[in-house]
Every structure is written in structure tokens, then in C-alpha cells.
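Peer 1:
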Amino acid sequence: MFNIGSYDERIKDFNWSISEQELGYKPGSVINIGWYCSDRLCEMGGADKPALIWEGFGGKEKQYTFNDVRLASNTIGTFLRELGIRDEDRVCIFLDRNPELYLSFVGILKIGAIAQPLFSAFGDESLHVRLENAETKAIITQKKHVSKVRKIRDSLPHLEHIIVVDYDGKRPLQEREVAFSLETATPVESLEIFPTHAESPSVLHYTSGTTGQPKGVKHVHYSLISQYLTAKWVLDLKEDDIYWCTADPGWVTGTSYGIIGPWSMGITQCVLDSGFSAEAWYRFIEKNRVTVWYSAPTAIRSLMKAGDEVVAQFDLSSLRHLASVGEPLNSEAVIWSEKVFGKAFLDTYWQTETGSMMISNYPGMRIKPGSMGKPFPGITAAVLDPNTHEPITETGRIGLIAFKPGWPAMMRTYWNNEATYQSKFVNDWYLSGDRASIDPEGYFWFTGRDDDVINTGGHLVSPFEVESALLEHEAVAESAVVAKPDEVNMEVVKAFVVINPEFEAGGDLELKIMNFIRKRLSPLAMPQEIEYVDSLPKTRSGKIMRRLLHAQEWGEEIGDISTLEDDDA
Ligand code: WTA
């Protein structure tokens with residue numbers, strides 16, 4: 026039987042107190058995600074159960090029980106406290122997917138500090154804007170990435186500590202740097218958990234918008250109530266499962282469902298920290314007997330491209346339940362997965378801002394390939410008319426996806442940017458920034474974003490960030506960045522560039538520009554193509570009309586240009 030039982034029954038009289046009761050949380054009392062992900066499981070008799078099965082490059086393996094997680098997070102928490110880290114201080118985790126990433130996440134939360142996980146692939150510029158905005162006090166990193174921190178630390182006065190988890194003594198540490206090793210530190214048996222409450226801040230995730238700098242989405246400890254129950258009902262996790270979430274915790278999926286959801290349920294999860302290949306992934310599933318797999322459409326499409334023969338070389342019979350998030354899951358991918366794995370990937374839709382799954386396909390519910398499914402119990406979702414912001418009642422008409430605020434994992438603000446946070450609400454609805462339609466049976470069908478943000482392989486890229494990086498190059502006079510279609514990633518980044526007259530297109534200019542921006546952007550945000558143009562289409566007030574370039578790339582009707590020109594009149 027599925028954990029959710031029947032969706033139709035669950036949506037009747039749903040109340041989040043179901044989750045509160047299962048977690049033994051009484052409103053008004055202390056709630057600390059770090060404690061829920063470690064100590065509580067040990068107290069309930071799960072101390073010796075594997076919590077993390079980790080594999081790195083070259084097949085290196087490590088395993089941690091829930092008691093190991095408890096001890097390691099105590100040890101890291103104590104170390105941070107001794108450095109002077111207090112509740113609500115921001116501690117950035119800038120690590121590859123090492124065990125330390127997962128263990129320090131839990132440790133940071135236990136002392137009431139705010140965890141700020143960032144992709145270790147970020148270049149120094151991307152790292153800088155996020156640490157500056159958050160006024161981050163400490164960063165946990167590794168030898169490999171410390172040079173990026175050194176480049177920017179002088180302009181980050183709040184950054185007091187740079188913690189290196191794999192320091193080998195070969196080169197001297199520099200100012201503010203300190204070594205910490207879980208292998209040599211004395212395990213701390215007991216740590217006083219900071220008494221965080223429902224509204225105490227927990228995690229700060231940065232996400233990209235169309236304009237301006239990336240926004241820091243602030244979450245609170247009460248988010249656990251949503252993350253626990255959605256992990257239970259949508260991912261259908263059970264006592265004996267071996268769960269694999271392929272997402273990096275630099276992305277919200279890797280924390281909400283790569284740490285908090287599964288560990289608060291006491292589920293064994295595995296992590297593969299090596300590059301993508303179909304063989305490596307299937308081998309990992311076979312070896313660990315993975316039962317529940319949460320991944321993303323681009324990965325699924327890449328597996329599809331690798332072919333059915335590869336699948337046949339492995340024993341993947343352990344797989345019981347598959348789910349996906351991050352971008353539109355095309356029906357072909359759903360149908361293919363059913364054919365080769367005997368299970369369809371179930372699509373789930375949510376955002377960094379929503380903190381937990383909002384619209385999903387549920388185990389046992391009839392799947393319509395290509396649809397995102399239905400709202401999670403307790404979630405009021407609608408599509409709104411873009412002009413009136415009233416819910417659209419006729420089926421099939423496209424509108425703006427919106428949610429009634431009030432679920433536990435909803436963001437509480439954008440860090441240092443309350444105005445943008447407020448701008449997301451109209452008529453008591455939270456606007457997601459996406460568009461969809463609803464069919465007569467209440468299934469949601471995603472149609473696209475309502476802004477210029479590019480979703481490449483599930484990663485949101487701000488055209489503004491890429492344009493800014495391009496403009497810093499001396500040859501670039503103007504630039505406009507849009508998505509162009511791609512078979513696997515659905516969208517990739519394309520840049521239109523007007524060059525300064527003293528430069529000449531061609532030769533090695535493109536290479537030079539690419540090398541220049543590579544230092545400023547994450548690899549995920551890098552343009553796949555630069556097209557030189559004489560001028561860019563603009564509104565009367567000089568704003569670049571990205572939508573026009575976008576339409577051109579996608580072979581769409583451009584529509585009425587006069588309205589575009591009036592856009593910002
Ligand atoms: C997109 C990801 C189509 C959407 C957890 C959303 C999706 C943005 C889906 C959030 C889906 C996410 N189908 N599009 N199932 N899931 N998206 O903040 O545009 O990185 O607003 O969080 O990804 O991306 P974010």
C-alpha cells in the first residue's frame with residue numbers, strides 16, 4: 026500500500042497537524058531540523074541504521090549511521106560555536122558532495138545558525154554576490170575551492186572564518202583560514218541544541234530572477250512539517266527503502282529532499298559524487314539496490330539518449346518508485362521510463378520559494394504523461410487571469426500558477442529584499458512566475474515561465490547575470506541573453522552581442538569572451554552560442570526586448586510589436 030493511501034480521501038479535511046503529530050511537535054515548542062535529522066532517530070532506536078551511503082570519484086566509499094550523523098554534526102556544531110558562530114549567523118557550505126556537506130548542514134542547524142549551501146562549481150564572482158548579500162560569517166570549504174574564496178575575501182568584511190575540511194598541511198593557511206577534519210576531531214557526544222522555534226530561520230537558498238542580483242530565499246525550521254509529509258506521501262519513502270536523490274544540495278531539491286525530508290523520516294540515502302554517465306548511474310542503482318529515485322528531466326533525457334541497451338546491462342529490479350522535478354517532464358520521457366524501468370517517473374512541481382512539493386503525481390493516482398499532476402493536500406492552487414489576477418474557472422485556459430500562502434515550507438522573505446518578496450503577492454495569492462492550464466479533471470499542465478529566466482537542465486539562469494558578465498568585457502557594447510531550444514536540456518543559454526567598433530567579430534574573439542565570462546559565471550550559466558548582431562531590438566525607453574529574440578529562436582510568432590514597445594512606457 027502507498028503511504029498516501031488515496032489522494033482523493035487525503036484532500037478531504039486535510040490538516041498539517043497530521044505531520045506535526047507524527048513528528049511529535051507541539052505548536053509553540055522547540056523545533057530544530059538538525060535534531061530531527063539525527064538525535065531523534067537515535068532516540069527512537071535507529072542509531073545503527075545507515076543514514077548515508079556515499080561514493081566519490083574513483084569508487085571511494087564511506088558509510089554513516091544515524092548515530093554517526095548525530096556525532097559528526099555535534100562535532101561540527103561545537104567547532105562552529107567555539108569559533109563564535111551564534112544563532113542566525115549565516116554559514117555557507119561550499120563543498121563538493123562530500124559527506125562533510127551533509128553532516129555540516131545538520132550541525133549548522135543544530136546550533137541555530139543559518140545554512141547557506143552553494144554549488145561548489147560557482148566561480149568567485151557568483152560566490153561573492155551571494156556571500157555579500159547574506160553577510161555570511163563563515164564558509165566551510167575544501168582545498169580545491171579555497172583559492173576562489175581567497176580572491177574575494179578582502180571585499181567581504183563579514184566573512185570571519187574560512188574553514189577547510191581537508192587541509193593536509195602542505196601549504197600554510199592564510200588569514201581567517203582554519204582547518205577542521207572530521208577524521209581527526211574528537212567526536213562530541215553531546216551538544217546543547219539551540220532552541221529554535223517554528224519561525225527561526227534555517228536555510229538560505231539563492232535563486233536567480235530576471236533582473237537584479239540572485240535572491241536569498243529564507244526558510245524556517247517549521248518547513249520540516251511540509252518536507253516530512255511530502256517526502257512520505259509523494260516519494261512514498263518507507264522504513265527499508267534505499268533512496269537516491271540525484272540533486273546537489275546547492276539546489277533546494279538537494280536539501281528539502283536530499284537531506285531534510287528523508288532523514289527526518291529515518292531513511293537510508295545514498296549519494297554519488299562523480300560525473301554523470303548512464304553506466305555510472307545504473308551501476309550505482311544496481312550496487313546499492315536503490316528503491317526510490319528522485320531525479321530531474323534533463324538527467325532522464327540524457328539516460329534516454331544513452332539508449333535502452335545500456336539499461337539492459339544492469340539489474341535495476343530494485344527500483345520501486347521514481348519521481349522527477351525541476352523542469353517540464355515531457356511525456357516521451359515518462360513513457361520511456363515506464364518501458365525500460367517498468368515504472369513511470371512521476372512529475373513533481375515546486376520552487377526554491379515554496380520549499381516543498383506543491384503539485385505532484387501521487388503513487389496510485391492515474392498518471393497523465395506530460396501533466397504535473399494535482400496540488401498536494403492542503404495546498405490551494407489556481408491559475409490566475411494575468412490581467413485581473415482572478416482564478417480562471419474555465420478549463421484549458423492558460424494563466425499564472427498561484428498558491429494561497431500558509432503552507433509550512435513557504436519562504437518567509439528574500440534576504441535583504443523584502444520589497445521583491447512583497448511584489449510576489451497579489452490579491453492574497455503568491456505568484457509563482459510560471460504559467461499553466463488546468464484540465465477538467467483538475468490536472469495541471471505546465472506551459473512555461475512568465476518571465477525571462479532560463480531553465481537549462483533544471484537550473485535557473487538569470488539573463489541579467491550573464492549579460493552583466495558579458496558587458497564587463499571590453500569588446501562588448503551591448504548584450505541580450507535568451508534561451509534557445511536544446512534536445513536534452515530543453516533550453517540552453519544564447520547570447521546576442523553587439524561589439525565595440527574597434528573590435529572585430531571572428532578570429533578568437535568568441536573564445537576570449539567565453540574565457541573571460543567563465544571566471545564570473547557558474548558553468549551552468551555559460552552561453553552555448555554567441556551571435557554577433559549590429560543592434561538589439563529595444564523598447565522606446567531603451568529596454569532590450571528579449572522576448573522578440575526568444576520568439577525568433579523558437580520559431581514562434583512574434584505578435585504585436587507595438588505592445589512590446591509599449592511594455593515599459
Ligand atoms: C521550474 C526547483 C515544469 C518552474 C525545485 C519553477 C518546473 C522553477 C517543474 C523552480 C516541473 C520546477 N515542471 N517546470 N515539474 N518543477 N519547474 O527554484 O519554472 O530551482 O518555477 O526549484 O523550475 O526552480 P527552482
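Per the working numbering, the sequence shown runs over residues 26 to 594.
Note that CB positions come from ideal geometry on N, CA and C, so glycine has one too.
Model, not experiment: these values are computed from the prediction.
1) Give every residue of the same chain whose Cβ lies closer than 7 angstroms to the Cβ of Phe-370, excluding the five residues on either side of it in the sequence, and list them in chain order.
2) Looking at C-alpha atoms only, which residue of Phe-541, Phe-366, Gly-351 is the closest neighbour of Val-486?
3) Once the 5 residues before and after Met-329 are set aside, which same chain residues still bring their CB inside 7 angstroms of it?
4) Buried or exposed for Val-259, please, with buried defined as at least 16 other CB atoms from any protein chain shown within 10 angstroms of its CB.
5) For Ile-101 versus Gly-132, is the C-beta distance shorter than 8 angstroms?
6) Give the C-beta separation of Ile-569 and Lys-563 to the nearest angstrom, bearing in mind that I take them to be a contact with Cβ-Cβ under 8 angstroms.
7) Apart from the five residues just before and just after Asp-592, which ones in its own chain have a Cβ nearer than 6 angstroms to its Cβ?
8) Can you tell me where the alpha helix (DSSP H) with Asp-33 in it begins and where it stops?
9) Just how far apart, CA to CA, sit Pro-226 and Tyr-282?
10) Find the nearest neighbour of Cys-67 within the set Ala-223, Met-551, Asp-179, Ser-215, judged by alpha-carbon distance.
11) Could you pull the DSSP bridge partners for Trp-10 from this structure?
12) Anyone know if the C-beta pair for Ile-384 and Gly-398 falls short of 8 angstroms?
13) What residue does the beta strand (DSSP E) around Thr-373 start on, and which one ends it?
14) Is the beta carbon of Val-228 within less than 7 angstroms of some heavy atom of the ligand COA?
15) Rounded to a whole number of angstroms, what is the C-alpha to C-alpha distance between Gly-449 and Gly-482?
16) Does the Cβ of Pro-510 have 16 or more other Cβ atoms within 10 Å, making it buried, or fewer, making it exposed?
17) Apply the 10 Å Cβ neighbour rule to Glu-490 and answer buried if 16 or more other Cβ atoms are within range, or exposed otherwise.
18) My guess is that Ile-136 and Ile-164 are in contact by the Cβ rule of under 8 angstroms, so how many angstroms apart are they, rounded?
19) Between the alpha carbons of Pro-274 and Arg-178, how many angstroms are there, rounded?
20) Regarding Gln-4 and the ligand WTA, is the C-beta to nearest heavy atom distance less than 7 angstroms?
21) Can you round the beta-carbon distance between Phe-471 and Ile-463 to whole angstroms, since I take them to be within the 8 angstroms contact cut?
22) Quick one: Cα of Lys-312 to Cα of Gly-83, how far?
23) Using CA atoms only, rank isn't needed, just tell me which of Trp-579, Ser-145, Asn-99 is closest to Glu-516.
24) Cutting at 6 angstroms between CB atoms, please list the residues of its own chain near Asp-112, excluding the five before and the five after it.
25) Given 7 angstroms as the limit, tell me if Ser-457 has its C-beta closer than that to any heavy atom belonging to the ligand WTA.
26) Helix, strand or coil for Phe-144, going by three-state DSSP, please let me know.
27) Which word fits Phe-301, buried or exposed, when buried means at least 16 other C-beta atoms lie within 10 angstroms of its C-beta?
28) Counting only the same chain and skipping the five closest in sequence on each side, list residues whose C-beta sits under 8 angstroms from that of Thr-278.
29) With contact counted as at least three CB pairs below 8 angstroms, one residue from each stretch, are the region 73-91 and the region 48-56 in contact?
30) Take His-244 and list the residues in its own chain whose beta-carbon comes closer than 8 angstroms to its own, dropping the five residues that flank it on each side.
31) Give a yes or no on whether the C-beta atoms belonging to Pro-239 and Val-335 are separated by under 8 angstroms.
32) Can you round the beta-carbon distance between Trp-440 and Ala-159 to whole angstroms, since I take them to be within the 8 angstroms contact cut?
33) Can you find the residues in the same chain that come closer than 6 angstroms, C-beta to C-beta, to Phe-339, ignoring five residues on each side of it along the sequence?
34) Please confirm whether any heavy atom of the ligand WTA lies closer than 7 angstroms to the CB of Pro-287.
35) What do you reckon, are the CB atoms on Ser-356 and Pro-400 nearer than 8 angstroms?
36) My guess is that Asp-266 and Glu-80 are in contact by the Cβ rule of under 8 angstroms, so how many angstroms apart are they, rounded?
Peer 2: To lay it out plainly:
1) Along the sequence shown, read from residue 1 onward, the residue named residue 370 stands at position 345. Excluding positions up to five away in sequence, the list reads Ile-325, Leu-347, Ala-348, Ser-349, Leu-354, Ala-358, Val-359, Ser-362.
2) Numbered from 1 along the sequence shown, position 461 holds the residue referred to as residue 486. Selected option, being the one with the closest Cα: Gly-351.
3) Here residue 329 refers to the residue found at position 304 when the sequence shown is read from its first residue. Excluding sequence neighbours, Met-329 sits near Ala-358, Trp-361.
4) Position 234 of the sequence shown holds residue 259. Its Cβ being crowded by 16 or more others within 10 Å, Val-259 is buried.
5) Taking the sequence shown and counting its residues from 1, the one referred to as residue 101 is at position 76. Taking the sequence shown and counting its residues from 1, the one referred to as residue 132 is at position 107. Yes; because the gap between Cβ atoms is below 8 angstroms, this pair is in contact.
6) To locate residue 569, count along the sequence shown from 1; it is residue 544. To locate residue 563, count along the sequence shown from 1; it is residue 538. With 8 angstroms as the limit, Ile-569 and Lys-563 qualify as a contact, their Cβ atoms being about 6 angstroms apart.
7) On the sequence shown, residue 592 is found 567 positions in, with the first residue counted as 1. Here Asp-592 scores only 46 on pLDDT, less than 50, and its place in the model is too uncertain to base an answer on.
8) The residue given as residue 33 occupies position 8 in the sequence shown. Asp-33 -> alpha helix (DSSP H) spans 32-35.
9) Stepping through the sequence shown from its first residue, residue 226 is reached at position 201. Stepping through the sequence shown from its first residue, residue 282 is reached at position 257. So the alpha carbons of these two residues sit roughly 18 angstroms apart.
10) By 1-based counting over the sequence shown, the position of residue 67 is 42. Here the closest residue by C-alpha is Ser-215.
11) There is simply no residue 10 to check, as the chain begins at 26 and stops at 594 in what is shown.
12) On the sequence shown, residue 384 is found 359 positions in, with the first residue counted as 1. On the sequence shown, residue 398 is found 373 positions in, with the first residue counted as 1. Yes, the pair counts as a contact, with Cβ atoms nearer than the cut-off.
13) Taking the first residue of the sequence shown as position 1, residue 373 is located at position 348. From DSSP, the beta strand (DSSP E) with Thr-373 extends over 370-374.
14) As for the ligand COA, it is missing from this structure, which binds only the ligand WTA.
15) What you label residue 449 is simply residue 424 of the sequence shown in a count that begins at 1. What you label residue 482 is simply residue 457 of the sequence shown in a count that begins at 1. First, the residue type needs correcting, since residue 449 is Lys and not Gly in the sequence shown. In a straight line, the C-alpha of Lys-449 is about 25 angstroms away from that of Gly-482.
16) For the purposes of this step, residue 510 is taken as residue 485 along the sequence shown, with counting starting at 1. So Pro-510 ends up on the exposed side.
17) As a working mapping, residue 490 is identified with position 465 in the sequence shown. Buried: at least 16 other Cβ atoms inside 10 Å.
18) If you number the sequence shown from 1, residue 136 lands on position 111. If you number the sequence shown from 1, residue 164 lands on position 139. Actually they do not touch by this definition, with Cβ atoms about 16 angstroms apart.
19) Taking the first residue of the sequence shown as position 1, residue 274 is located at position 249. Taking the first residue of the sequence shown as position 1, residue 178 is located at position 153. Rounded to the nearest angstrom, the two C-alpha atoms are 23 angstroms apart.
20) The requested residue 4 does not occur in the structure, where the chain is confined to residues 26 to 594.
21) As a working note, residue 471 is residue 446 in the sequence shown. As a working note, residue 463 is residue 438 in the sequence shown. The pair is not a contact, with the Cβ atoms about 11 angstroms apart (cut-off 8 angstroms).
22) If you number the sequence shown from 1, residue 312 lands on position 287. If you number the sequence shown from 1, residue 83 lands on position 58. Approximately 15 angstroms, taken between the alpha carbons.
23) Counted from its first residue, the sequence shown places residue 516 at position 491. When only C-alpha atoms are compared, the closest one is Trp-579.
24) The residue labelled residue 112 in the question sits at position 87 within the sequence shown. Correct list, in chain order: Gly-137, Phe-219.
25) Start at 1 with the first residue of the sequence shown, and residue 457 comes out as number 432. Under cutoff, so the answer is yes.
26) Stepping through the sequence shown from its first residue, residue 144 is reached at position 119. Coil at Phe-144, not helix or strand.
27) Here residue 301 refers to the residue found at position 276 when the sequence shown is read from its first residue. The residue in question, Phe-301, is exposed, as its Cβ has fewer than 16 Cβ neighbours within 10 Å.
28) Position 253 of the sequence shown, counting from 1, holds the residue named residue 278. Here the set comprises Cys-270, Ala-272, Tyr-319, Ala-321, Val-350, Gly-351.
29) no
30) Taking the first residue of the sequence shown as position 1, residue 244 is located at position 219. Same-chain partners within the cutoff: Pro-226, Ser-227, Val-228, Leu-229, His-230, Gly-380, Ala-434, Met-436, Arg-437.
31) Locating residue 239 in the sequence shown gives position 214, counting from the first residue. Locating residue 335 in the sequence shown gives position 310, counting from the first residue. No, these two residues do not count as a Cβ contact at 8 angstroms.
32) Walking along the sequence shown from the start, residue 440 turns up at place 415. Walking along the sequence shown from the start, residue 159 turns up at place 134. Indeed, because the Cβ distance is near 6 angstroms, the residues count as touching under 8 angstroms.
33) The count along the sequence shown starts at 1 and reaches residue 339 at position 314. Tyr-307, Glu-311.
34) For this step, residue 287 is matched to residue 262 along the sequence shown. No, the beta carbon of Pro-287 sits no closer than 7 angstroms to any heavy atom of the ligand WTA.
35) Along the sequence shown, read from residue 1 onward, the residue named residue 356 stands at position 331. Along the sequence shown, read from residue 1 onward, the residue named residue 400 stands at position 375. Their beta carbons are not under 8 angstroms apart, which means Ser-356 does not touch Pro-400 by this criterion.
36) As a working mapping, residue 266 is identified with position 241 in the sequence shown. As a working mapping, residue 80 is identified with position 55 in the sequence shown. Contact doesn't hold; Cβ gap of about 18 angstroms is too wide.
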